[in-house]
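What follows is one structure encoded as structure tokens, with my remarks underneath.
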Amino acid sequence: MSQPVAPAVPAAIDPDERTRDRVMTAVLEHGPVSAAQLGSLLGLTPAAVRRHLDTLTREGLIEVKLISNAKSGAGRPARRYVVSRRGQTEIGDDYLEIARLALADIAAVLGQEGVIDFAERRFAKMEAKYQPMVDAAGTDVAARSKALAAALNADRFVATSNSLNAGTAMAAEQLCQGHCPIQELASSFPEFCDAETEVFSRLIGVDVRRLSTMASGGHVCTTHVPTGRAVVSKRTPKSPGPQGPSKPNSNHQQERP
């Protein structure tokens with residue numbers, strides 16, 4: 083007579099691993115961030131924070147950025163932690179190497195305009211999804227930027243929209259994204275960054291400017307949204323369906339070397 087087989091007991095989650103995941107998430111959301119700031123955010127001792135930071139650094143998931151800071155004194159840049167490119171990939175990417183090869187074929191046959199058309203149609207789906215959420219915020223530019231950040235955050239872009247120079251003619255929102263699911267692809271085809279910037283401009287209703295992208299080496303994607311003298315204008319969204327190639331021009335792109 084066969085003996086009953088006891089059900090397998092799932093292995094307990096290692097507390098160290100759970101804490102390390104919390105540290106990784108905090109670096110993603112707040113980077114560039116110091117070890118002391120992480121300890122304060124997570125309620126960990128300095129020794130515990132540094133132990134987990136050392137492990138994540140050895141695994142190549144985070145890296146140290148040396149940032150000049152007037153408070154740190156001349157010749158003593160501050161150490162700040164950010165998620166590395168490998169870390170971004172580990173978090174989860176929604177594209178395959180075949181996409182890079184397919185886009186290379188498109189570029190070979192149709193040139194840059196073909197890639198631009200493909201990128202615009204991809205982001206047209208994002209625009210259609212986010213438009214009702216942004217419109218629900220009304221006509222205030224800052225509110226629309228914050229609504230867009232909330233929509234992006236819901237899709238795991240780790241987005242924030244922070245107010246700068248409030249009450250002045252230089253007032254603006256700084257829209258930041260801490261995760262880019264197509265970072266590696268966009269590093270080869272920056273047309274995707276340009277198409278996304280155009281979508282942000284149409285959604286918010288003002289001319290915006292992309293200051294940095296993760297695809298070009300930034301630790302976050304940053305978009306400047308002027309609010310001091312801006313008035314929301316109605317802009318025609320792109321169709322997500324097939325259409326002819328667009329001309330490669332934009333007033334919203336970041337400066338490139």
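Note that the sequence shown covers residues 83 to 339 in my numbering. Every residue gets a Cβ at the ideal spot worked out from N, C-alpha and C, and that includes glycine. None of these values were measured; they are calculated from a predicted model.
Query	Result
Alpha carbon to alpha carbon, how far is residue 252 from residue 237?	30 Å
Apply the 10 Å Cβ neighbour rule to residue 176 and answer buried if 16 or more other Cβ atoms are within range, or exposed otherwise.	Low per-residue confidence applies at residue 176: pLDDT is 45, beneath 50, and the placement is therefore not dependable, though the value from the model is reported in the following sentence. Result: exposed.
Please state the DSSP three-state secondary structure of residue 105.	helix
Say whether the segment 287-302 touches the segment 186-203, bearing in mind that this needs 3 or more beta-carbon pairs closer than 8 Å, one atom from each stretch.	no
Check whether the Cβ atoms of residue 120 and residue 129 sit closer than 7 Å, and answer yes or no.	no
Can you give me the Cβ contacts of residue 267 inside the same chain, cut-off strictly under 7 Å, excluding the 5 residues immediately before and after it?	177, 181, 182 and 274
When you compare only the Cα positions, how much space is there between residue 113 and residue 213?	29 Å
Starting from residue 243, follow the beta strand (DSSP E) in both directions and report where the run begins and ends.	241-246
Is the separation between the beta-carbon of residue 248 and that of residue 241 shorter than 7 Å?	no
With DSSP run on the structure shown, which of helix, strand or coil describes residue 141?	coil
Three or more C-beta pairs closer than 8 Å, one from the segment 189-201 and one from the segment 209-223: is that the case here?	no
Given a threshold of 16 other Cβ atoms within 10 Å of its Cβ, counted over all protein chains shown, does residue 122 qualify as buried or as exposed?	exposed
Can you tell which of 264, 226, 256 and 298 has the C-alpha that lies nearest to the C-alpha of residue 305?	256
On the CB-based measure, 16 or more other CB atoms within 10 Å of its CB, does residue 254 come out buried or exposed?	buried
Within its chain, find whatever has a CB closer than 6 Å to the CB of residue 294; leave out the 5 residues flanking it on each side and keep chain order.	300 and 304
Based on Cα-Cα distance, which residue from 226, 167 and 158 lies nearest to residue 263?	167
At the level of alpha carbons, what is the spacing between residue 302 and residue 191?	33 Å
Might you give, ordered along the chain, the residues of its own chain that have their beta carbon closer than 7 Å to the beta carbon of residue 189, omitting 5 neighbours on each side?	196 and 197
Bridge partners for residue 306 per DSSP, in chain order?	256 and 291
Measure the alpha-carbon distance for residue 272 versus residue 170 and round it to whole angstroms.	18 Å
From this set, 102, 284, 215 and 164, which residue's C-alpha is nearest residue 296's C-alpha?	164
Near residue 259, which residues of its chain fall below 7 Å by C-beta distance, leaving aside the five closest residues on each side in sequence?	234, 239, 240, 241, 302 and 303
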